[in-house]
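Student: My structure is below; once you've seen it, I'll send some questions.
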């Protein structure tokens, strides 16, 4: 992992932390992480793609990892991440890139590929076609919950944990099928030391509040016909459990599907080698030879 470099770039008014592998001449991959995750979660994937000849740039989204947080009185909205991506590509002087994106990053990448099709060479989505749709009438209750959550989040200090074991125990609640040794590695990457050796997660606690806006599947799917690049859809098992998501995935144009059995949602944690193999096979068809 020694080839990985950390640096900061200001774009869209935010100081973004990037993890980068200089790679070679096969093109540039921009790798987008998911909700409450961070770029360093993908170290193994970044290194493997870089060693295969791709320049890899993995940013922390705003309010995640070591990227700047929302200023006082502001919040995080879905299109903020899309605007950040556009500004980052400008700041890095990148015309066309291969987008590789996981989970929430996939919704950002999909919107971007539909809004800026000329800038996306390929689109690889890892468990990243968005959540199930929500009815419009949930919006008032979501707004109430959001307002209450904002007050609570801003009134209290970020929660701390006394040890890495405590971090692992908390993460295991959300990821019960991930091996403990993997969770321990990811827990160390996902936390920072604060007062007296206590640990806290590297994301803004505001991200734990419910969004006031429902997920609008119809608006999201309007981006799909505008995507002009080849698409790779990597499924760790979610599509089988959610027919709506499988139907949405099938609407992506020019899409190829790869299923990685028993990987679960966090494919880059549980099956990094299989993930890298799928990505390299796909990217290799749309890149210069190494």
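Numbering (the working numbering), first residue to last: 137 to 426.
By construction, the Cβ of each residue, glycine as well, lies at the ideal position given by its N, Cα and C atoms.
Owing to the predicted nature of the structure, the values given are computational and were not obtained by experimental measurement.
#1: Does the separation of the CB atoms of residue 298 and residue 324 fall below 8 angstroms?
#2: Pull up the distance between the alpha-carbon of residue 401 and that of residue 346, whole angstroms please.
#3: Ignoring anything shorter than 3 residues, give me the beta strand (DSSP E) runs that lie fully in the segment 345 to 402, in order along the chain.
#4: Contact check, residue 246 vs residue 359 under 8 angstroms by CB: the rounded distance?
#5: Quick check on this structure: which residue in 348, 383, 192, 187 has the alpha carbon closest to the alpha carbon of residue 281?
#6: With a cut-off of 8 angstroms on the beta carbons, I'd call residue 393 and residue 268 a contact; round off their distance for me.
#7: In angstroms with no decimal places, state the Cα-to-Cα distance between residue 229 and residue 140.
#8: Considering only residues of the same chain and omitting the five flanking positions on each side of residue 175, which have a CB-CB separation below 8 angstroms?
#9: Do the CB positions of residue 411 and residue 403 come within less than 8 angstroms of each other?
#10: Going by the CB atoms, is the gap between residue 384 and residue 272 shorter than 8 angstroms?
#11: Helix, strand or coil, according to DSSP, for residue 143 in the structure here?
#12: Would you tell me roughly how many angstroms separate the C-alpha atoms of residue 409 and residue 161, rounded to the nearest one?
#13: Looking at C-alpha atoms only, which residue of 261, 279, 405, 364 is the closest neighbour of residue 389?
#14: Just checking, does the segment 218 to 233 make contact with the segment 307 to 323 on the three C-beta pairs under 8 angstroms criterion?
#15: Looking at C-alpha atoms only, which residue of 397, 355, 240 is the closest neighbour of residue 212?
#16: Where DSSP assigns a beta bridge to residue 280, which residues make up the other side?
#17: Looking only at its own chain, which residues have a Cβ that is under 6 angstroms from the Cβ of residue 205, when we skip the five neighbours before and after it?
#18: Among 279, 283, 222, whose alpha-carbon lies nearest the alpha-carbon of residue 150?
#19: Is the separation between the beta-carbon of residue 270 and that of residue 405 shorter than 8 angstroms?
#20: How big is the Cα-Cα spacing for residue 288 and residue 342?
#21: The alpha helix (DSSP H) spanning residue 418 covers which residue range?
#22: Work out the CA separation of residue 285 and residue 279 for me, nearest whole Å.
#23: Based on Cα-Cα distance, which residue from 218, 254, 355 lies nearest to residue 148?
#24: Taking the alpha carbon of residue 372 as the reference point, which residue from 362, 425, 398 has its own alpha carbon closest?
#25: Find out if the Cβ-Cβ distance for the pair residue 186, residue 158 is shorter than 8 angstroms.
#26: For residue 173, which option in 189, 165, 203 has the closest C-alpha, if you only look at C-alpha atoms?
#27: According to the neighbour-count rule (16 or more other Cβ atoms, all chains shown, within 10 Å of its Cβ), is residue 128 buried or exposed?
Tutor: Looking at the atomic coordinates:
#1: On the chain shown, residue 298 is found 162 positions in, with the first residue counted as 1. On the chain shown, residue 324 is found 188 positions in, with the first residue counted as 1. With respect to the 8 angstroms criterion, residue 298 and residue 324 are not classified as neighbours on the basis of their beta carbons.
#2: On the chain shown, position 265 is the one that residue 401 refers to. On the chain shown, position 210 is the one that residue 346 refers to. The alpha-carbon atoms of residue 401 and residue 346 are separated by roughly 21 angstroms.
#3: Counting only runs of 3 or more, we get 367 to 371, 391 to 395.
#4: Numbered from its first residue, the chain shown carries residue 246 at position 110. Numbered from its first residue, the chain shown carries residue 359 at position 223. That belief holds up - the Cβ atoms of residue 246 and residue 359 are roughly 6 angstroms apart, short of 8 angstroms.
#5: Numbered from its first residue, the chain shown carries residue 281 at position 145. For residue 281, the closest alpha carbon among the candidates 348, 383, 192, 187 is that of 348.
#6: Mapped onto the chain shown, residue 393 falls at position 257. Mapped onto the chain shown, residue 268 falls at position 132. Between residue 268 and residue 393 the Cβ distance is about 19 angstroms, and since that is not below 8 angstroms, they are no contact.
#7: Counting from one through the chain shown, the residue named residue 229 turns up at place 93. Counting from one through the chain shown, the residue named residue 140 turns up at place 4. The straight-line gap separating the alpha-carbon atoms of residue 229 and residue 140 is approximately 20 angstroms.
#8: Numbered from 1 along the chain shown, position 39 holds the residue referred to as residue 175. For residue 175, where only same-chain residues beyond five positions count, the Cβ hits under 8 angstroms are 153, 154, 155, 167, 169, 182, 194, 195, 196, 201.
#9: By 1-based counting over the chain shown, the position of residue 411 is 275. By 1-based counting over the chain shown, the position of residue 403 is 267. Yes, the Cβ-Cβ distance between residue 411 and residue 403 is below 8 angstroms.
#10: Numbered from 1 along the chain shown, position 136 holds the residue referred to as residue 272. Numbered from 1 along the chain shown, position 248 holds the residue referred to as residue 384. Contact flag unset, no.
#11: Within the chain shown, residue 143 is the residue found at index 7, counting from 1. Three-state result, residue 143: strand.
#12: Here the question's residue 409 lines up with position 273 in the chain shown. Here the question's residue 161 lines up with position 25 in the chain shown. The alpha-carbon atoms of residue 409 and residue 161 are separated by roughly 22 angstroms.
#13: Counting from one through the chain shown, the residue named residue 389 turns up at place 253. Of the candidates 261, 279, 405, 364, 364 places its Cα closest to the Cα of residue 389.
#14: Cβ pair count under 8 angstroms is below three, so no.
#15: The residue given as residue 212 occupies position 76 in the chain shown. When each option's Cα is compared against that of residue 212, the closest is 240.
#16: In the chain shown, residue 280 corresponds to position 144, counting from 1. Answer by DSSP bridge pairing: none, since residue 280 is not bridged.
#17: Here residue 205 is taken as the residue at index 69 of the chain shown, counted from 1. Apart from sequence neighbours up to five positions away, the residues of its chain that approach residue 205 with a beta-carbon distance below 6 angstroms are 199, 340, ordered along the chain.
#18: Counting from 1 along the chain shown, the entry for residue 150 is found at position 14. Nearest of 279, 283, 222 to residue 150, Cα basis: 222.
#19: As a working mapping, residue 270 is identified with position 134 in the chain shown. As a working mapping, residue 405 is identified with position 269 in the chain shown. Result no, Cβ atoms of residue 270 and residue 405 do not sit closer than 8 angstroms.
#20: Counted from its first residue, the chain shown places residue 288 at position 152. Counted from its first residue, the chain shown places residue 342 at position 206. If I take the Cα positions, the gap works out to 9 angstroms.
#21: Counting from 1 along the chain shown, the entry for residue 418 is found at position 282. In this chain, the alpha helix (DSSP H) harbouring residue 418 covers 408 to 420.
#22: The count along the chain shown starts at 1 and reaches residue 279 at position 143. The count along the chain shown starts at 1 and reaches residue 285 at position 149. Their backbone Cα atoms lie some 10 angstroms apart in a straight line.
#23: For the purposes of this step, residue 148 is taken as residue 12 along the chain shown, with counting starting at 1. That would be 218, whose Cα lies nearest to the Cα of residue 148.
#24: What you label residue 372 is simply residue 236 of the chain shown in a count that begins at 1. With distances taken between Cα atoms, residue 372 lies closest to 398.
#25: Translated into positions along the chain shown, residue 186 becomes position 50. Translated into positions along the chain shown, residue 158 becomes position 22. For the pair residue 186 and residue 158, the CB atoms are nearer than the 8 angstroms cut-off.
#26: As a position in the chain shown, residue 173 is number 37, starting the count at 1. Of the candidates 189, 165, 203, 203 places its Cα closest to the Cα of residue 173.
#27: Since the first residue shown for the chain is 137 and the last is 426, residue 128 is missing from the structure and cannot be characterised.
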